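> Residue numbering for the sequence shown follows my numbering, beginning at 37 and increasing consecutively.
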Amino acid sequence: MAFQLNDNDVMSYHRDGFLLVPRLFDSELIAMLSHTARADQRYQSLAVDRSDREGAASRLSLRYDLPEDLYGGLVRSEDIVLTTERLLGEEVYHYHHKMMMKEPFVGGAWEWHQDYGYWYHGWFLSPAITSCMIAVDRATRANGCLQVIPGSHALGRIDHGGVGDQMSANQERVDAILSRYEKTYVEMDPGDALFFHSNLLHRSDQNTSPDPRWVLICCYAARSNEPANGLPPAYEYLERWSVDRIKEIGKQHLMSLTGSSSASP
Ligand SMILES: O=C(O)CCC(=O)C(=O)O
């Protein structure tokens with residue numbers, strides 16, 4: 037039975053611009069994801085660095101395609117897809133997914149931004165795109181958990197400019213917003229999921245701790261919000277997979293990488 041939002045959850049997403057769902061995924065699935073991603077040399081080789089304003093590398097591995105493996109299974113998770121459809125109020129399709137790999141001591145920061153600050157340039161006419169961040173490791177203030185400004189999604193799209201290799205929301209505007217709105221640190225346990233609006237202002241600090249902070253972020257566009265320039269990503273029907281089906285493909289994926297389907301050390 038898929039996870040079901042209640043009306044209060046939906047209301048708080050629309051009020052705050054995000055919704056934290058504790059333990060959306062169990063420890064077996066998250067251990068599988070952690071072992072798979074860390075054993076996956078090909079995935080690691082696709083990773084790129086986006087330096088922050090101090091030159092520290094923020095590492096991510098991003099894919100627009102939808103593989104028949106554990107990552108593709110999670111993107112198709114009925115718990116995520118049905119929740120996102122309820123939050124956006126219509127059918128959604130896969131935009132992209134990415135592993136954000138904030139490594140101990142060296143993982144860079146992400147500057148204040150809205151995702152729609154980037155995605156606007158991909159000709160999405162509306163911010164009807166929602167992300168689901170799944171914690172692979174425990175995310176704390178020390179290892180650079182996400183920070184958000186609740187309610188900032190309602191302020192509309194802010195101008196963004198280049199900072200390091202990233203796009204950052206106009207600093208004067210962010211300062212003005214922070215003089216009226218409180219920022220919040222979103223600490224997460226492995227398996228927790230954070231759904232957030234593409235206009236929500238968010239950032240994260242460098243990881244100065246000995247603990248990694250990896251998260252998988254799956255991003256979904258509303259079906260009515262295909263890019264207006266006719267370029268990808270075009271709508272494609274997204275299957276909805278049960279957690280058992282995801283675990284089944286996850287075992288095969290892990291086996292293909294390590295020779296064992298067990299995620300135990
Ligand atoms: O991984 C993080 O800390 C930030 C991720 C982020 O800002 C994004 O994907 O838009």
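All C-beta atoms in this analysis are idealised placements derived from N, C-alpha and C, irrespective of residue type, glycine included.
Just so it is clear, the structure is predicted and the values come from calculations on it, not from any experiment.
With which residues is threonine 220 paired in a DSSP beta bridge?
The sequence position of residue 220 within the sequence shown is 184, counting from 1. Per DSSP, Val184.
> Out of Asp76, Asn261, Gly108, which has the shortest C-alpha to C-alpha gap to arginine 99?
For the purposes of this step, residue 99 is identified with residue 63 of the sequence shown, where counting begins at 1. Ranking Asp76, Asn261, Gly108 by Cα distance to arginine 99 puts Gly108 first.
> Considering only the beta carbon of each residue, do arginine 239 and histidine 157 sit closer than 8 Å?
Walking along the sequence shown from the start, residue 239 turns up at place 203. Walking along the sequence shown from the start, residue 157 turns up at place 121. Taking C-beta atoms as the reference points, arginine 239 and histidine 157 fail to come closer than 8 Å.
> Tell me the DSSP secondary structure of tyrosine 131 in three-state form.
Indexing the sequence shown from 1 puts residue 131 at position 95. Here tyrosine 131 sits in strand by DSSP.
> Apply the 10 Å Cβ neighbour rule to valine 84 and answer buried if 16 or more other Cβ atoms are within range, or exposed otherwise.
Position 48 of the sequence shown holds residue 84. So valine 84 ends up on the exposed side.
> Per DSSP, which one or two residues make a beta bridge with arginine 74?
As a first step, residue 74 must be located in the sequence shown, where it is residue number 38. Answer is none; arginine 74 lacks a bridge partner.
> Helix, strand or coil for serine 215, going by three-state DSSP, please let me know.
Here residue 215 corresponds to residue number 179 of the sequence shown, with the count starting at 1. If DSSP states are grouped into helix, strand and coil, serine 215 belongs with the helices.
> Pick from Thr294, Ser81, Ala212, Val172: whose alpha carbon is nearest that of leucine 230?
Counting from one through the sequence shown, the residue named residue 230 turns up at place 194. The shortest C-alpha separation from leucine 230 is found at Val172.
> Just grab the DSSP bridge partners of threonine 166 for me.
Translated into positions along the sequence shown, residue 166 becomes position 130. Note: threonine 166 sits in a beta bridge opposite His233, Tyr256.
> Where does glutamate 147 fall in DSSP's three states?
To locate residue 147, count along the sequence shown from 1; it is residue 111. Residue state, collapsed to three classes: strand.
> DSSP has histidine 196 in a bridge; who is on the other side?
Here residue 196 refers to the residue found at position 160 of the sequence shown. Answer is Ala205.
> Any heavy atom of ligand 1 closer than 7 Å to the beta-carbon of tryptophan 146?
Walking along the sequence shown from the start, residue 146 turns up at place 110. Yes, the Cβ of tryptophan 146 comes within 7 Å of a heavy atom of ligand 1.
> Arginine 99 lies in the alpha helix (DSSP H); which residues open and close that run?
To locate residue 99, count along the sequence shown from 1; it is residue 63. Where arginine 99 is concerned, there is no enclosing alpha helix (DSSP H), although the beta strand (DSSP E) it sits in stretches over 93-99.
> As a quick exercise: from Gly200, Leu293, Pro163, Leu191, pick the residue whose alpha carbon is nearest that of leucine 214.
Position 178 of the sequence shown, counting from 1, holds the residue named residue 214. The residue from Gly200, Leu293, Pro163, Leu191 with its alpha-carbon nearest to that of leucine 214 is Leu191.
> Taking just the CA atoms, how far does valine 128 sit from histidine 71?
Along the sequence shown, one-based indexing puts residue 71 at 35. Along the sequence shown, one-based indexing puts residue 128 at 92. Answer to the nearest angstrom: the Cα atoms are 29 Å apart.
> To the nearest angstrom, how far is it from the Cα of phenylalanine 39 to the Cα of phenylalanine 61?
Locating residue 39 in the sequence shown gives position 3, counting from the first residue. Locating residue 61 in the sequence shown gives position 25, counting from the first residue. Phenylalanine 39 and phenylalanine 61 have their C-alpha atoms roughly 10 Å apart.
> Give, in chain order, every unbroken run of the alpha helix (DSSP H) that is at least 4 residues long and sits entirely within the region 42-90.
List check, alpha helix (DSSP H) in window: 43-52, 63-75, 77-81.
> Is it the case that the region 197-210 contacts the region 44-52, given that we only count it when at least three CB pairs across the two stretches are under 8 Å?
no
> Are the region 192-200 and the region 249-259 in contact at 8 Å, needing three or more beta carbon pairs?
Look at the beta carbons and you see the region 192-200 not touching the region 249-259: under three pairs across the two are nearer than 8 Å.
> Here's the rule: buried if 16 or more other CB atoms are within 10 angstroms of the residue's CB, otherwise exposed. What is glycine 125?
Taking the first residue of the sequence shown as 1, we reach residue 125 at position 89. It counts as exposed.
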